[in-house]
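Beneath this line is the structure, given in C-alpha cells, with notes to follow.
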Amino acid sequence: MKQLSLVLIVLSLTIGWTQTSQNSLTGNWASETPSNDGYIRKSYFNLKHDGDKITGTIRATQFFYTIKESTGSPEAFTLTASMMDGKSERKVTYEGKFVNGELVIGRRNRPEQPVSFLPAYRVPEGEGALPARIEPPAIYPVKDNGLARTPPMGWNSWNKFAGRIDDATVRGIADAMASNGMKDAGYLYINIDDTWEGYRDKQGNITTNKKFPDMKALADYVHSKGLKLGIYSSPGPNTCAGYEGSYGHEEQDARTFAAWGIDYLKYDWCGARTLYTDEEMPAIYQKMGNALMKTGRPIVYSLCQYGRLDVWKWGADVGGNLWRTTGDIRDTWDSMSGIGFRQNELAQYARPGHWNDPDMLEIGNGGMTDTEYRTHMSLWAILAAPLLAGNDLRKMAPETLEILTNKEVIAINQDKLGQQGKQAWKSGEQEIWTRRLSGDATAVAIFNRGKEDAKMTVKWADLQLTRVKTVRDVWSHQDIKAFGPEYGVTVPSHGTVLLRVK
Ligand code: GLA
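In numbering that gives the first Met the number 0, the protein residues as written are 0 to 501.
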C-alpha cells in the first residue's frame, strides 16, 4: 500500500512536470524556411520565460541575436533582439504566438508589413548553438597568386537569380557566353554565388544541394566551352543566405573547390560577424588566401566584406585579387551611380592583380535605361572595376549585349597599366573623370548625373592634356575632330560621353 502510493505520487509529479514543460515556452525551438533544394535553413529560438518576461537568443541565417526586450505575454509576444556587427548594432523584431503548447514565430521586417509566421518545434538543448570560436591566426603576407593582371571579367548569378540558380541555368549561361560574342570580348568567369551549398558529409566535406547534382561535371562542362567556373563561400558558419559556410573547414573546402575544378572564389563575410570583430578580418581572410595557395590550383580570390576596415589597404596582403568596396548594388540609378561616383579616393589602391570591386553589373536587368546602363559600363571602365555581368545572358535585348560587348569600352577597362581613373573636374551634377592608359592615351568620361540634358565642355588643359592628336568617341565608334583647346558636346540626362584621347 505504502509502495503503491509512492508510485502514484511519482507518477503524478512526472505528469505534472511534463505538462508544465510542454506548456512552457521555455526551451530550444527551431523553425524551417522552406526551399526546393534539399537544404533546410533553420532558425533557432532558445527561449526562457519568467512570468511575462522572455529572454534568450535567436539564431537566424548569418545572425545571432540576444533578446533585449519582450512585450506581451508568452501566449502572444514581441521580442526585440540585437547583436553587434562590427561596430554597429543590428536589431530585429520577432513576433510569436504560443497556444496549446504550439509555437508559431516570425520576423517583422517593416512596421507596415505583415509577419510571416512559421511553426517552430522543440529541439534538444545545444542544437543551433554557435560553434566555439577559433582564434584567428597570426598575420603574415600571403604570396601573390599572379592572377587577375587586368580586372576579372565574367558573370555572376546573384543579381538576377539569387537563390534560383541551378546547374541547368549555369550551363545555359555558359553556352550563351561562349557563343554570343561575350567570350570573344573577354568575358571568362561563370561565377555561382550563394545557395549552391549542401550539408557536410561524415568526413566534413562540403557537398552541393539538389540544384547542383555534380559540381565537378559542371566545371568540366564550363571548361569545355573555354570558360572558367567560380564559386562562393563564407568564413563564417553560415553564408549570407543561411547556407553552410567554410568556418573551421577552410583548407578542406579549398581542396574540395580545387578538386572540382573551381577557378574563382568569392568569400563573403556574412556569418563570420557572429564570431569575429572587424579588426580580425585580415587574419580570417588570410586563412582562406593561404588555403587556396596551398591547393596549387590558380584560383582568383575575391574578398566580399562590403569595404569595411579599409580593405583596400590590406586586401592584397591576404592574397586578395579584388575586394568589394561597398554594400550590395541594386538595379537602380541611385544605387549604381551612388556607388560608382564614390570610388574616387580609392584609385591609388588598384593595380594589376589587385582591384577595387564596386560590385557586379546590373546592365540588362531592367531597372535602368540603356543610357544609364552605358553610364554604368563607362564608370566601371574608368574605375578599372571587375566586369561581372549580372543579367540573364540567355535572353537579353540586342542593346544590352551591345553595351556589354563594346570592345573599345572594354579595352579601357582592361588597359594593362591597371590604373584606376579619378575625377578631374566637377560642377554641380556634371563630372569629368580621366584614366591614364598605356600607349600615351587617356580615357576621358564626361558624365551628366543631372535630370536634364546638358551641354558640357571639356577644356583639355584642365585635364592636363596637351597636344591632343586623336579623339575617339568609343560609344559611337567615331573619331572626332576636336583639336582646338576644348571640346563641347551635349550629354543626355544620366548619360556619358566616353572618349579615348591620344
Ligand atoms: C551578400 C553579398 C552579395 C551576395 C549575397 C549572397 O549580400 O554582398 O553580393 O553574394 O551576399 O547571399
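Where is the CB? At the ideal position from N, CA and C, for every residue including glycine.
DSSP places Trp424 inside the beta strand (DSSP E), whose first and last residues are Lys421 to Ser426.
The C-alpha of Lys425 lies about 19 angstroms from the C-alpha of Val500.
For Pro351, the CB contacts under 6 angstroms within the same chain, skipping 5 residues up- and downstream, are Arg148 and Gly417 in chain order. CA-to-CA, the gap between Asn390 and Ser232 works out to about 21 angstroms. When secondary structure is reduced to three states using DSSP, Tyr188 falls in the strand class. In chain order, Phe44, Tyr64 and Ala80 place their CB closer than 6 angstroms to the CB of Ile57, counting only its own chain and leaving out the 5 sequence neighbours on each side. Counting along the chain, the unbroken alpha helix (DSSP H) around Val221 starts and ends at Met214 to Ser223. Relative to the ligand GLA, the beta carbon of Thr56 is positioned no closer than 7 angstroms to any heavy atom. Taking Gly26 as reference, the option from Thr456, Gly55 and Asp51 with the minimal CA-CA separation is Gly55. Beta-bridge partners of Leu274 (DSSP): none assigned.
In the three-state reduction of the DSSP assignment, Gly483 falls in the coil class. With respect to the C-alpha of Gly306, the residue from Ile338, Val141 and Ser475 having the closest C-alpha is Ile338. By the C-beta density criterion, Pro357 is buried, having at least 16 other C-beta atoms within 10 angstroms.
Under DSSP, Glu407 forms no beta bridge with any residue. Looking at Met280, Lys210, Gly162 and Lys96, the one whose alpha-carbon comes closest to that of Pro118 is Lys96.
Membership of Trp332 in the alpha helix (DSSP H) is indicated by the continuous run Trp332 to Gly339. Between Asn144 and the set Gly314, Leu378, Lys86 and Ala131, the nearest pair of CA atoms involves Gly314.
DSSP, read as helix, strand or coil, puts Arg471 in strand. Pairing Glu74 with Glu68, the inter-Cα distance amounts to about 16 angstroms. In the DSSP annotation of this structure, the continuous segment of the beta strand (DSSP E) that includes Ile230 starts and ends at Lys227 to Ser232. In terms of Cα proximity to Thr168, the closest of Ala137, Gly203 and Lys210 is Lys210. No heavy atom of the ligand GLA is found nearer than 7 angstroms to the CB of Tyr186. Rounded to the nearest angstrom, the gap between the Cα atoms of Ser87 and Lys406 is 43 angstroms.
By DSSP's assignment, Leu498 forms a beta bridge with Val443 and Asp472. In this model, Val317 and Glu344 are separated by some 21 angstroms (Cα to Cα).
The Cβ atoms of Ala218 and Trp154 lie no closer than 8 angstroms to each other.
With a cutoff of 7 angstroms, Tyr231 counts as near the ligand GLA, since its C-beta is closer than that to a heavy atom of the ligand. For Thr32, the Cβ stays outside the 7 angstroms cut-off from all heavy atoms of the ligand GLA.
The nearest non-hydrogen atom of the ligand GLA is less than 7 angstroms from the C-beta of Trp157.
Taking a C-beta distance under 8 angstroms as the contact criterion, Met359 and Trp195 do not qualify as a contact pair. Judged by DSSP in its simplified three-state form, Phe62 adopts strand. The beta carbon of Asp36 lies closer than 6 angstroms to those of Asn208, Lys209 and Lys210 in the same chain, with the five residues before and after it left out. For Met367, there is no enclosing beta strand (DSSP E), since its DSSP letter is neither H nor E.
Put simply, the backbone Cα of Ala396 is about 22 angstroms away from that of Ile328. Counting C-beta atoms within 10 angstroms of its own C-beta, Thr489 has fewer than 16 neighbours from the protein chains shown and is therefore classed as exposed.
Taking C-beta separations shorter than 6 angstroms and ignoring five residues to either side along the sequence, the partners of Leu274 in its chain run Arg132, following chain order.
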